[in-house]
Amino acid sequence: MKKIYANATEALDGVLTDGMLIAAGGFGLCGIPELLLEAIKDSGAQDLTFASNNAGVDDFGIGILLQTKQVKKMISSYVGENAEFMRQYLAGELELEFNPQGTLAERMRAGGAGIPGFYTKTGVGTVIAEGKEHKDFNGETYIMEEGIFADLSIVKAWKADDTGNLIFRKTARNFNVPAATCGKICIAEVEEIVPRGSLDPDCIHLPGIYVHRLIQGDHEKRIEQRTTRKKEEA
Amino acid sequence: MPWDRNQMAARAAQELEDGMYVNLGIGIPTLVANYVGDKDITLQSENGMLGMGPFPFEGEEDADLINAGKQTITELSRTSYFDSATSFAMIRGGKIAAAVLGAMEVDEEGDLANWMIPGVLVKGMGGAMDLVAGVGRVIVVMDHTNKHGKSKLLKKCTLPLTGKKVVDRIITNLGVLDVVEGGLKIVEIAEGVTEDEIRAATEAKIVN
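Written as structure tokens, this is what we have:
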């Protein structure tokens, strides 16, 4: 089966529809599927729900889809760097479901693993627990959280082979692995597609079984907060 | 003289023991790394890294290598990387010995509020709820009072909670307090600060 597509628009063709739940990888602007997000913007798809740790910044990442009002709802843990997000949310134009970061990651992992719900201590006694089933195990209270079963997963990796085996680089792995597993279809964008056999099978981060479509492209890889130290301090 | 930011961070660093895996929050907690000295401490960054190194030299920033505050950082010889689900599995699973976090409010039962001011600020809890629910020990580092001079150590938190009965120790500019049965216990007073000053700046019940 051929997984490689020419570009993001072609990879999205036939799978992207209005009103979808899309699981997206990335943390802040690190490891986000920037090419696929750009192509989703160009497609004009509407009423999208994103399960994504963050919402990008105003002009990059999911932020570009907020500018065009293509997003109906976000399921996120932190949206602090995005002025347009805050404006739309406070004006009631955008739905927001806050998930604790680890709960969001586990909801994706669970969805991908065929687990519809799990119990966690995270959020007990907070607004997160309101309306959720509580259950005691060994004298401690837990709440039930549900797995995320997304219609589409979009992720960014460093390298892939043509069968969709992926490797990530440094902290750009983040949500990409759990997000990739929880969608019916997963599209991965990578910096380089290498020949079959050139990735060490012992060092694959995400096996190609999870990846249905694949594109290679140039990534801006924007840095959100450039922090450095001076050489003489060393 | 109350402690300044760096003195608070240095005091928090004393809480960390050789061999610990630790998560440091944003703000003053980040400075704690500067004061661990010779202790063998491994810093976790919840976006998927153990063994976080210092900021990179100018020109050596890597977009693929950031901390949970989205700042560029570096790796060390001990570093390992993993995905977010694995990262929070080790947090929830109790493998991280301690978290040092900032706070808006802490109360006498150890409830913590540090993520949301309703109607004013919509940012999100990030990984804070997972951390306080999962790590071995929660150490809060914050000013004793807010910018209006009101106590941040309350009888009952007024803001939406991050966690209930989760805080173990509070390090402020005035001293160190533990959450114990019945209230807060003063365990240390900053040099030049009096016990009366701490009591006056604390709304929470202080027990002996």
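Protein chains in written order, with my numbering: chain Z, 7 to 240; chain F, 498 to 705. Backbone N, C-alpha and C define an ideal beta-carbon position, used for all residues, glycine too. Since we're looking at a predicted model, the values are computed, not measured.
Where the alpha helix (DSSP H) through residue i begins and ends
{"i": "residue 167/Z", "result": "No alpha helix (DSSP H) holds residue 167/Z; the beta strand (DSSP E) holding it covers 156 to 167."}
{"i": "residue 584/F", "result": "581 to 589"}
{"i": "residue 132/Z", "result": "Residue 132/Z -> no alpha helix (DSSP H), and no H or E assigned at all."}
{"i": "residue 685/F", "result": "No alpha helix (DSSP H) holds residue 685/F; the beta strand (DSSP E) holding it covers 680 to 686."}
{"i": "residue 666/F", "result": "Unbroken run through residue 666/F is the beta strand (DSSP E), 666 to 668; no alpha helix (DSSP H)."}
{"i": "residue 604/F", "result": "Segment 602 to 604 is the beta strand (DSSP E) holding residue 604/F; no alpha helix (DSSP H) there."}
{"i": "residue 77/Z", "result": "Segment 77 to 82 is the beta strand (DSSP E) holding residue 77/Z; no alpha helix (DSSP H) there."}
{"i": "residue 501/F", "result": "Where residue 501/F is concerned, there is no enclosing alpha helix (DSSP H), given that its DSSP letter is neither H nor E."}
{"i": "residue 185/Z", "result": "182 to 187"}
{"i": "residue 629/F", "result": "625 to 631"}
{"i": "residue 212/Z", "result": "First-last for residue 212/Z: undefined, no H or E at that position."}
{"i": "residue 89/Z", "result": "89 to 96"}
{"i": "residue 693/F", "result": "692 to 697"}
{"i": "residue 15/Z", "result": "14 to 18"}
Residue from the options with nearest C-alpha to residue i
{"i": "residue 557/F", "options": "585/F, 548/F, 544/F, 572/F", "result": "572/F"}
{"i": "residue 700/F", "options": "652/F, 561/F, 691/F, 692/F", "result": "652/F"}
{"i": "residue 597/F", "options": "561/F, 586/F, 639/F, 583/F", "result": "639/F"}
{"i": "residue 60/Z", "options": "698/F, 549/F, 544/F, 536/F", "result": "544/F"}
{"i": "residue 642/F", "options": "514/F, 604/F, 685/F, 589/F", "result": "604/F"}
{"i": "residue 515/F", "options": "502/F, 530/F, 537/F", "result": "537/F"}
{"i": "residue 129/Z", "options": "153/Z, 106/Z, 216/Z", "result": "106/Z"}
{"i": "residue 615/F", "options": "92/Z, 228/Z, 26/Z", "result": "92/Z"}
{"i": "residue 578/F", "options": "658/F, 626/F, 549/F, 629/F", "result": "549/F"}
{"i": "residue 680/F", "options": "671/F, 667/F, 689/F", "result": "667/F"}
{"i": "residue 619/F", "options": "133/Z, 104/Z, 151/Z, 140/Z", "result": "104/Z"}
{"i": "residue 12/Z", "options": "227/Z, 34/Z, 47/Z, 42/Z", "result": "42/Z"}
{"i": "residue 582/F", "options": "155/Z, 75/Z, 185/Z", "result": "185/Z"}
{"i": "residue 44/Z", "options": "17/Z, 211/Z, 205/Z", "result": "17/Z"}
{"i": "residue 149/Z", "options": "69/Z, 109/Z, 76/Z, 82/Z", "result": "109/Z"}
{"i": "residue 115/Z", "options": "601/F, 586/F, 593/F", "result": "586/F"}
{"i": "residue 219/Z", "options": "174/Z, 47/Z, 159/Z, 32/Z", "result": "159/Z"}
{"i": "residue 171/Z", "options": "195/Z, 212/Z, 35/Z", "result": "212/Z"}
Cβ separation of residue i and residue j, assumed to be a contact under 8 Å, to the nearest whole Å
{"i": "residue 526/F", "j": "residue 235/Z", "result": "Not really, about 18 Å apart at Cβ, beyond 8 Å."}
{"i": "residue 631/F", "j": "residue 127/Z", "result": "7 Å"}
{"i": "residue 607/F", "j": "residue 663/F", "result": "6 Å"}
{"i": "residue 57/Z", "j": "residue 27/Z", "result": "7 Å"}
{"i": "residue 87/Z", "j": "residue 225/Z", "result": "With 8 Å as the limit, residue 87/Z and residue 225/Z do not qualify as a contact, their Cβ atoms being about 19 Å apart."}
{"i": "residue 539/F", "j": "residue 528/F", "result": "In fact, because the Cβ distance is near 18 Å, the residues do not count as touching under 8 Å."}
{"i": "residue 686/F", "j": "residue 512/F", "result": "So it is not a contact: roughly 17 Å between Cβ atoms."}
{"i": "residue 3/Z", "j": "residue 53/Z", "result": "Residue 3/Z is absent from the model: chain Z starts at 7 and stops at 240."}
{"i": "residue 190/Z", "j": "residue 157/Z", "result": "6 Å"}
Residue i classed as buried or exposed, judged by whether at least 16 other C-beta atoms fall within 10 angstroms
{"i": "residue 705/F", "result": "exposed"}
{"i": "residue 162/Z", "result": "buried"}
{"i": "residue 96/Z", "result": "exposed"}
{"i": "residue 654/F", "result": "buried"}
{"i": "residue 208/Z", "result": "exposed"}
{"i": "residue 498/F", "result": "exposed"}
{"i": "residue 193/Z", "result": "buried"}
{"i": "residue 181/Z", "result": "buried"}
{"i": "residue 145/Z", "result": "exposed"}
{"i": "residue 178/Z", "result": "buried"}
{"i": "residue 696/F", "result": "exposed"}
{"i": "residue 503/F", "result": "exposed"}
{"i": "residue 222/Z", "result": "buried"}
{"i": "residue 121/Z", "result": "exposed"}
{"i": "residue 37/Z", "result": "buried"}
{"i": "residue 89/Z", "result": "exposed"}
{"i": "residue 202/Z", "result": "exposed"}
{"i": "residue 68/Z", "result": "buried"}
{"i": "residue 531/F", "result": "exposed"}
Beta-bridge partners of residue i, as assigned by DSSP
{"i": "residue 518/F", "result": "539/F"}
{"i": "residue 222/Z", "result": "196/Z"}
{"i": "residue 577/F", "result": "547/F"}
{"i": "residue 36/Z", "result": "33/Z"}
{"i": "residue 140/Z", "result": "149/Z"}
{"i": "residue 124/Z", "result": "151/Z"}
{"i": "residue 648/F", "result": "642/F"}
{"i": "residue 523/F", "result": "Bridge partners of residue 523/F: none, in fact."}
{"i": "residue 115/Z", "result": "Its beta-bridge partners do not exist; DSSP assigns none."}
{"i": "residue 595/F", "result": "519/F, 634/F"}
{"i": "residue 610/F", "result": "602/F"}
{"i": "residue 569/F", "result": "563/F"}
{"i": "residue 552/F", "result": "Answer by DSSP bridge pairing: none, since residue 552/F is not bridged."}
{"i": "residue 508/F", "result": "Answer is none; residue 508/F lacks a bridge partner."}
{"i": "residue 677/F", "result": "680/F"}
{"i": "residue 660/F", "result": "609/F"}
Extent of the continuous beta strand (DSSP E) to which residue i belongs
{"i": "residue 206/Z", "result": "Per DSSP, residue 206/Z belongs to no beta strand (DSSP E) and is neither H nor E."}
{"i": "residue 55/Z", "result": "54 to 57"}
{"i": "residue 102/Z", "result": "101 to 104"}
{"i": "residue 671/F", "result": "Where residue 671/F is concerned, there is no enclosing beta strand (DSSP E), given that its DSSP letter is neither H nor E."}
{"i": "residue 72/Z", "result": "First-last for residue 72/Z: 69 to 73, but that is the alpha helix (DSSP H), not the beta strand (DSSP E)."}
Contact test: residue i Cβ vs the ligand GDP heavy atom, cutoff 7 Å
{"i": "residue 542/F", "result": "Here there are no bound small molecules, and the ligand GDP is not part of this structure."}
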